[in-house]
Amino acid sequence: MLFNSIGFIIFLPVVFLLYWFVANKTLKAQNALLICASYFFYASWDYRFLFLLIFSTSLDYFTGIIISGSKTKSRKKFWMLLSIIINAGFLGFFKYYNFFAVSFAELISNFGLKADPWTLRVILPVGISFYTFHGISYIIDIYNEKIKPEKNFINYSLFVSFFPLLVAGPIERATHLLPQLQKKRQFDYSKAIQGLKQILWGFFKKIVIADQCAIYANMIFNGSGHFSGSTYVVGSIFFAVQIYGDFSGYSDIALGTAKLFGIDLLRNFAYPYFSRDIAEFWRRWHISLSSWFRDYLYIPLGGNKGALWMKIMNIFIVFLVSGFWHGANWTFIAWGMLNAVYFLPSMLLKRNRLNLDIVAQGKILPSAKDVLNMSITFAMVCFAWIIFRSQNITEAFGYFSKILSRSLFSKPYCPGLISLSTLITIITTLIFFIIEWFGREEQFAFASIGKNWNRLPRWSTYYALVIITLFYCNNQQPFIYFQF
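Dropping the structure here:
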C-alpha cells in the first residue's frame with residue numbers, strides 16, 4: 063500500500079478510529095491492532111512476501127532470547143552471527159543475486175571465457191532493506207548487552223513491522239521504539255495535530271515538489287545523452303530536489319502518521335541542503351541509515367582510531383556498503399566511493415565535526431561564508447546525484463563528459479523544458495526552500511507555520527496547501543526509495 067494512494071487515505075482513518083475508540087482499553091489491544099494493521103498494510107502490496115517478514119521477525123525474536131540466556135561469550139557470538147548471516151542471506155539473495163551472477167559472467171568474459179549466467183526472476187520484497195536492519199541492530203544490541211530481549215512477541219513484531227516505517231524507514235532502534243511500545247499510549251491532541259501537519263507537509267513535498275521536478279529530471283536524464291552540459295546541470299538540480307522532496311516527504315508522512323498513534327519515530331532528515339560541508343550533509347541526510355552504519359559498522363571497524371590507512375579504509379568500507387545498500391548497480395557503488403572521496407579530507411584534517419550547529423542559528427540570513435559553503439556542498443552533492451540517477455556507469459561518464467565540455471556554458475535546452483509549467487515548478491520550489499529555511503530550527507519546516515496566527519489565516523493556509531496538493535495529484539510518481 064502506498065502512502066499516496068486512495069487505499070491509504072481510507073486505511074489510515076479506519077485504523078485511527080479503531081485504535082482510539084475500540085482498542086484503547088489496554089496496551090495489548092493497542093499493539094495487537096497495530097500489528098494486524100501493519101501486516102494488512104504490507105500484504106496489500108504482495109501477500110506472498112508476508113511470510114518472509116514474519117520469518118525474519120520470528121528468527122530475531124527467538125535468537126535474542128537465546129543470546130540473552132547463553133552463559134558463554136562464544137555461544138552468544140554464534141547465535142548473533144547466525145542471525146546476521148541468515149538475515150543478510152535473504153537480503154543478498156533477493157537484492158543482489160542477479161547482480162553478482164551477471165557481474166561474474168562479465169568478469170570472466172574478459173579472460174576469453176564464455177558464461178551464460180543463471181539469473182532469477184525474483185521480485186525485491188518491499189522494505190526488506192529496512193526491516194532487515196531493524197532485526198540486525200536489535201540482535202547486536204542484545205549481544206552487546208545494551209538492551210534486554212523483548213519477551214512479548216506482539217511488541218517485538220510491532221517494532222519490526224510498524225506500518226509507517228515498514229516500507230522505507232526510518233530505520234528504528236530497539237532502544238528508542240520498544241520502550242514506547244511497552245506502555246499504553248494516551249491520546250495527545252497536540253501531538254496528533256502536529257502529526258497531521260507533518261503528514262500534510264510530507265504530501266506537499268512529495269506531490270507538489272518532488273513529482274513535478276521528476277518530470278523535468280526524467281526528461282533530461284532520459285534524453286540519451288543528446289543535451290548540453292548546462293542542461294545536465296539543470297537536470298541534476300531537478301533530481302536533487304526530487305529525491306529530497308520524495309524521500310523526506312515519505313519520512314514526514316511516516317513520522318506524522320506515527321504521532322497520530324502516540325508514537326515518536328527517529329528523525330530522518332534535518333534540512334541537508336543547508337549543509338556547509340559533506341560531513342554535515344551526511345549527518346542530516348537519511349539520518350537513521352547514516353547513524354546505523356556509524357554505530358554498527360564504522361565504530362566496530364575501529365572508526366577514526368588506529369593507523370592512517372585504517373581510518374581511510376574504514377571510511378571507504380562504510381561508503382561502499384552504503385552505496386551498495388541502495389541497490390545492485392555499479393552506479394550506487396561509484397556514488398558511495400565518490401562520497402568517500404568527498405568525506406576523506408574533512409576526516410583527515412579533523413574538520414568533520416566542524417558544523418554541528420544549525421546554519422545561521424537565530425538569524426534571518428546566512429553569512430556570505432555560509433552561502434559559499436552551502437553552494438559548494440550542494441554542487442558536490444548534485445554532481446554525485448548524477449551517478450546515482452544514471453542507469454549505468456557508461457551513461458554517467460557520458461553526462462560528465464558533457465558537463466565538463468564547452469557546452470556547460472551554453473544555454474540549457476530540452477524540448478518541453480521552457481514552458482509556463484516549468485516556471486511555476488521553479489517558483490514553487492523556491493518558495494518551498496524559503497519555507498524550509500525559515501523553519502530550519504524546527505523538526506519539520508511546517509511545524510511553526512500558523513502556530514501564533516489567528517484561526518482564519520491559519521486554517522486558510524492549511525486548506526490552501528491541501529487544495530494545491532490535490533491539484534497536482536494527477537501526476538504522481540512512485541516513491542524512489544521503495545526500490546531500495
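Heads up, the sequence shown is in my numbering, so the first residue is 63 and it goes up one at a time.
All C-beta atoms in this analysis are idealised placements derived from N, C-alpha and C, irrespective of residue type, glycine included.
Note that the structure is a prediction, hence the values are computed from the model and not measured.
Spatially closest choice to residue i from the options, by CA coordinates
i    : options                   : result
K268 : G424, G307, N376 and K245 : G307
F195 : A236, R345, I209 and Y205 : A236
I438 : G365, I377 and A341       : A341
V443 : F83, R338 and A279        : R338
T88  : L115, L143, G231 and F249 : F249
I497 : L485, I511 and V188       : I511
I506 : R517, R137 and Y333       : A small fix is needed here, since residue 506 is Phe in this sequence, not Ile. It is Y333.
E207 : K139, L482 and S219       : K139
I233 : A85, A458, F124 and D357  : D357
S310 : G231, L240 and I128       : G231
I395 : L382, F124, Y404 and L406 : L382
L64  : K246, G478, L227 and R451 : L227
R346 : F113, L406, Y404 and D419 : D419
F266 : L532, R451 and N536       : L532
S132 : Y205, W82, F155 and F73   : Y205
S252 : L153, F78, L115 and K513  : K513
N417 : G424, R451, L406 and D432 : D432
D108 : V229, V528, D326 and P362 : V229
N214 : Y193, P241 and I325       : P241
L479 : I147, N280 and F445       : N280
D326 : R137, G364 and L243       : L243
Close Cβ partners of residue i (< 8 Å) along its chain, the five nearest in sequence each way excluded
i    : result
G197 : S118, T119, L121, D122, S145, N149 and V222
K157 : L186, I190, S191, G389 and A390
Y475 : F289, S290 and T293
M409 : A341, N366, K373 and I377
I436 : Going by the sequence as given, residue 436 is Met instead of Ile. Counting only Cβ-Cβ distances below 8 Å, and skipping sequence neighbours, we find Y335, F336, S337, R338, V421 and P428.
V528 : L262
K210 : S130 and I204
For residue i, the three-state DSSP class (helix, strand or coil)
i    : result
P45  : No answer is possible for residue 45: it lies beyond the span of the chain, which begins at 63 and ends at 546.
T484 : helix
Y404 : helix
A396 : helix
Q92  : helix
K464 : helix
Q538 : coil
D339 : coil
Q505 : coil
L427 : coil
Q242 : helix
H288 : coil
G231 : coil
S219 : helix
P187 : coil
W347 : coil
Q256 : helix
V421 : coil
Q304 : helix
F249 : coil
T293 : helix
G151 : helix
K135 : helix
Q274 : helix
Beta carbon of residue i nearer than 8 Å to that of residue j
i    : j    : result
K321 : A402 : no
F386 : W499 : no
Q274 : Y534 : yes
G285 : I201 : no
T491 : V303 : yes
I282 : G297 : yes
N330 : S353 : no
L96  : F300 : no
V398 : T319 : Checking the sequence shown, residue 398 turns out to be Gly, not Val. No; because the gap between Cβ atoms is not below 8 Å, this pair is not in contact.
Cβ neighbours of residue i in the same chain (closer than 7 Å, five flanking residues each side left out)
i    : result
Q538 : N66, I269 and D273
F440 : Y335
Y360 : N376 and V380
F111 : P187
G69  : M63 and S106
Other residues of its chain near residue i: CB distance less than 6 Å, five sequence neighbours each side excluded
i    : result
Y461 : Y294 and I448
A91  : A85
L239 : F221
W392 : I455
C-beta neighbour in chain C for residue i, strict 8 Å
i    : result
S452 : Absent here is chain C; the protein component of the structure consists of one chain.
- Message: Does the region 309-327 come into contact with the region 256-265, if we say contact requires no fewer than three beta-carbon pairs (one atom in each stretch) closer than 8 Å?
- Response: yes
- Is there contact here, the region 409-426 with the region 340-358, by at least three beta-carbon pairs under 8 Å? Contact between the region 409-426 and the region 340-358 is present: three or more C-beta pairs spanning the two stretches fall below 8 Å.
- Message: Whether or not the region 470-478 and the region 364-373 are in contact is what I'm after, with contact meaning three or more pairs of Cβ atoms, one per stretch, closer than 8 Å; do they touch?
- Response: no
- Would you check if the region 207-225 and the region 95-114 touch, i.e. whether three or more CB-CB distances between them fall below 8 Å? yes
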